[in-house]
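Structure first, commentary second.
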Amino acid sequence: MVFSSIPFLYYFLPCVLLAYFLMPAKGRNGVLLVASLAFYAWGEPVYILLMLFSILVGYVSGILLEQSMERKWKAITPKAVLSGSIVIFTGLFIYFKYTDFFIRSFNAVTGTEIPLLHIVLPIGISFYTFQIISYLVDIYRRETKAQRNIISLATYIAMFPQLIAGPIVRYTDISGQLENRKSTVAMLESGICRFIIGLSKKVLLANELGALCEIFRASGDKSVLYYWMYAAAFTLHIYFDFSGYSDMAIGLGRILGFSFPENFNYPYISGSITEFWRRWHMSLGTWFRDYLYIPLGGNRVSQVKWIRNIFIVWMFTGLWHGASWNFVLWGLFFGVILMIEKRWLLKILDKTKVIKHLYVIFLLLISFIIFNASNMKEAWLDIRCMFGMGGIPVVSGEALYYLKSYGVTFLVSMIGCLPVAKKFAGRWQILKIAGVLLLLILSTAYLVDGSFNPFLYFRF
Amino acid sequence: MEKSTKQKKWMIAIVGVTYIIIVAACFLKPAGEYSLSERRLLAQKPMFSWKSMVTGTYAAQMEEYVTDQFPFRDLLRACKANFSMHIMQKKDNHDIYVKDGYLCAMEYPMDEASVERAASIFRNIYEKHLEEKEVSVYMSVIPDKSYYLADKTYLSMDYSAFLEKTYSCADFLTPIRIEDKLQLSDYYRTDTHWKQEEITETAAYIGKEMGVFLSGEYRVKTLDVPFYGVYAGQAALMTKPDEISYCSNGILDECIVYDYENNVEIPLYDESKAYGRDAYEMFLGGNISLATIENPGAVSEKELVVFGDSFSRSMVPLLAEGYRKTTLIDIRYLPSAYIGNYVTFENQDVLFLYSTSVLNNSITLK
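See the structure below:
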């Protein structure tokens, strides 16, 4: 089930909210857990067993880890428990997400024809696996205590607002709220607004831009202009889709009394790629920083090791987004740019006002072309065509038509990438109420009309 | 109470009440069976089974059901269409645009393989039933509205290339080109089809090319029913309805029409259908696969066989005036392989009468 759907908005959510707020505080985690499992089972009933297994292993590992740290058993060291549990979770993650990728790559290199397993990726596995690992590592680092109440831990791992598309909420962020939380008027109001704004970002902008990308892909009348439009449309599409989902998750969290971390902070206003990654998918960036980059030594190592660390982190960042070589290239693309920026470019960029933004936008357009290609060959073809090397005209009639047709959508989307709308909305409460109501009705109207409504995170 | 808290409570109250009303309507609204505006059956509540649940089909069908049965569905679709086209300035909604008051579907791009497929089906019919018989075989292609609206504002195929391609692929048929005999006003504003009362001269021209004289004198009866064509529902835009009329005269009044699909005699024009789901279905019984028109008042003994789509349903009654018997075959519903079971080809005029939109989407032809 996805948030931007009629079953979720008008059937599942009201039932959950009713049960949740009617239940005394003690039983609310239980309601949330049952709702989360039902939410997950709705689309993928088979993988509910995997989810329950992950919860159980996470729960037992957490307690074992804590007890081994208290030296209750001399034979079992904390490192062994942590390593064992990480092997289990990463093993499952790699099996479900990367087995076919490895087979395909092996076949391509060796010329063998090992059949693919066609394993269906469990939705949200990339998010909840990372959450469980962070929970266990944080216990190991003595930053938190193991959760003794399995309902509370299961609620944290399976919580439906952030289960399928993030943000990656760390246990330490909400451990207190799992035991004791309040839904205040301020949280309820901001949660409602945030959820509806996220919904409209997804339905009114992301889906429209996504439809344009689909039209482009199916077109037989491509041109250089059309390729650039496609690059711009996809760059905006993925931002509004992903940040829209994060907004909905954060909003739902607030309605239920939780404070989830922010995940996006107007990334397209960045003046460097370094800054971009501080503003884009922040929960993933900080996860890799804290649980991979720093354990590898971070930048407090020799230059050779630092370069190694950067490559490892960005290769995994790319692979996390999808099991394909173009995602690896996408991650390494950023790794190389970040290294160049840190060594030389940041100082130069800091001296400019406009060029730094054009530089960021240009690189992002190229990066998302690589990201959205179905394979390396297509990525290379797309980039060549963008620069007029594909034997296609500069302008085509279809490109001009869709430029006119989507002109306002592009304009609104570009304005939506800036913090201006937020500043404006804060000043006019009556307009805010009317605006939020209008966005809810319009988003519903678009969903009822059966408009294009893809779910990007199946491959994440 | 602090001012900002009061405002926040107002926000929660207003959005909350609206949400509760919509949710209540979702649960209370009885399920409908058919959408008149979209001209389609609405999804019904799926049967639950563990298998359908595990495979995910139940979830998918349930989503389709609750979306189809959503309260105020037509109003919300109209909201979306108007917001999309007037605020977001989208040029089309579901590939339908408005130009000069006409709703029109973007027929784009030209699908050469589809044209070739249609021509291949026609060729098979020709070689199997017509080639060695004493029959005269003709073909007319009916341009869709875009042909008369086409400019660089909207996407449209190259109609000249399309017509040349079609006629050259079907070079075994004698072309009767009618694109210059028609104009935009010959079509309904809200529907894909042409108006029967506006195509009488085109009918006379086709008749003349086949060696048949049509009187061209008709009584035109306009029905007292608003006609919202297929594009009105698909586009979901607020549009004025069309009027629907039909042409008759003393000869046509005496014609006997037989529907072979349902084995029943039917009227040439069924006014009751004009008040149903699709007013255009009043012409020759609507979407039936095989019908004949016996004309006792015909001057000649000639017979006509028309292979056609829905456009032909309003054209064939006019052509029937010049023939003793006219047979209309719709190979979208009657596979062409079975034609020989129903029609004997001997000493007839045969006309293939198809619109560009069917030829460009010939997967519907069997």
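In order, the protein sequence lines correspond to chains A and B.
Each residue of the first sequence is one higher than the one before, counting from 1 in our numbering.
Each residue of the second sequence is one higher than the one before, counting from 1 in our numbering.
Glycine residues also receive a C-beta, built at the ideal position from the N, C-alpha and C atoms.
Here the structure is a predicted model, which means the values were calculated and not measured.
Any 3 or more C-beta pairs closer than 8 Å across the region 182 to 192 of chain A and the region 252 to 270 of chain A: yes
Proximity of residue 276 of chain A and residue 317 of chain A at Cβ, strictly below 7 Å: no
Within-7 Å CB hit, residue 73 of chain B to chain A: yes
Where does residue 96 of chain A land, buried or exposed, given buried means 16+ other C-beta within 10 angstroms? buried
Between residue 89 of chain B and chain A, is any beta-carbon pair separated by less than 7 Å? yes
In chain B, which residues lie less than 9 Å from residue 192 of chain A when you measure between Cβ atoms? 11, 12, 15, 16 and 19
Below 6 Å CB to CB, which residues in the same chain sit around residue 334 of chain A once its five sequence neighbours on both sides are set aside? 314
Using only CA atoms, which one of B:330, B:342 and B:345 lies nearest to residue 362 of chain B? B:330
Contact set for residue 177 of chain B: own chain, Cβ-Cβ below 6 Å, skip 5 residues either direction: none
Please check the pair residue 284 of chain B and residue 214 of chain B, which I expect to be a contact at CB under 8 Å, by giving their CB distance rounded to whole angstroms. The Cβ separation is near 17 Å, so there is no contact.
Quick check on the DSSP output: what are the complete beta strand (DSSP E) runs of length 3 or more inside the region 310 to 348 of chain B, in order along the chain? 325 to 329
Under the rule that 16 or more other beta-carbon atoms within 10 Å means buried, what is residue 267 of chain A, buried or exposed? buried
Can residue 68 of chain A and residue 55 of chain A be called in contact, C-beta distance under 7 Å? no
Using 7 Å as the limit for Cβ to Cβ distance, is residue 326 of chain B near chain A? no
Which of the three DSSP states is assigned to residue 294 of chain A in this structure? coil
Are the C-beta atoms of residue 26 of chain B and some chain A residue less than 7 Å apart? yes
Taking the continuous alpha helix (DSSP H) assigned at residue 144 of chain A, which residues delimit it? Note, residue 144 of chain A: premise wrong, no alpha helix (DSSP H); not H, not E.
The region 130 to 146 of chain B touching the region 103 to 119 of chain B, judged by at least three CB pairs closer than 8 Å: yes
Is the beta carbon of residue 282 of chain A less than 7 Å from the beta carbon of residue 299 of chain A? no
Counting Cβ pairs, one atom from each stretch, are 3 or more of them under 8 Å apart for the region 77 to 85 of chain B and the region 116 to 136 of chain B? no
Whole angstroms is fine: what's the gap from residue 179 of chain A's alpha carbon to residue 157 of chain A's? 14 Å
C-beta atoms of residue 73 of chain B and residue 233 of chain B nearer than 7 Å: no
Kindly say whether residue 7 of chain B, judged by its beta-carbon, lies nearer than 7 Å to any beta-carbon of chain A. yes
Does residue 162 of chain B pass the burial test, meaning 16 or more other C-beta atoms within 10 Å, or should it be called exposed? buried
So with CB distances below 7 Å, who are the chain B contacts of residue 122 of chain A? Near residue 122 of chain A there are no residues of chain B at all, since even the closest Cβ is about 13 Å away, more than 7 Å.
Quick one: grab the DSSP three-state call for residue 76 of chain A. coil
Could you please give the first and the last residue of the uninterrupted beta strand (DSSP E) stretch that includes residue 248 of chain A? Unbroken run through residue 248 of chain A is the alpha helix (DSSP H), 224 to 255; no beta strand (DSSP E).
Chain A contacts from the region 102 to 127 of chain B (Cβ-Cβ distance under 7 Å): 109
Where does residue 47 of chain B land, buried or exposed, given buried means 16+ other C-beta within 10 angstroms? exposed
Opening and closing residue of the beta strand (DSSP E) in which residue 415 of chain A lies: That residue, residue 415 of chain A, is in no beta strand (DSSP E); its alpha helix (DSSP H) goes 407 to 416.
Using a Cβ cut-off of 7 Å, pull out every chain B residue sitting near residue 5 of chain A, in sequence order please. 63
Cβ-based neighbour list, residue 88 of chain A, same chain, cut-off 7 Å, excluding 5 preceding and 5 following: 57
Excluding the 5 residues flanking residue 302 of chain B on each side, which residues of the same chain have their C-beta closer than 6 Å to its C-beta? 323
Own chain, CB closer than 7 Å to residue 342 of chain B, minus 5 neighbours either side, in chain order: 260 and 290
Any heavy atom of the ligand GTP within a distance shorter than 6 Å of the CB on residue 12 of chain B? This structure lacks the ligand GTP; in fact it carries no ligand of any kind.
Collapsed DSSP secondary structure at residue 300 of chain A in the structure displayed: coil
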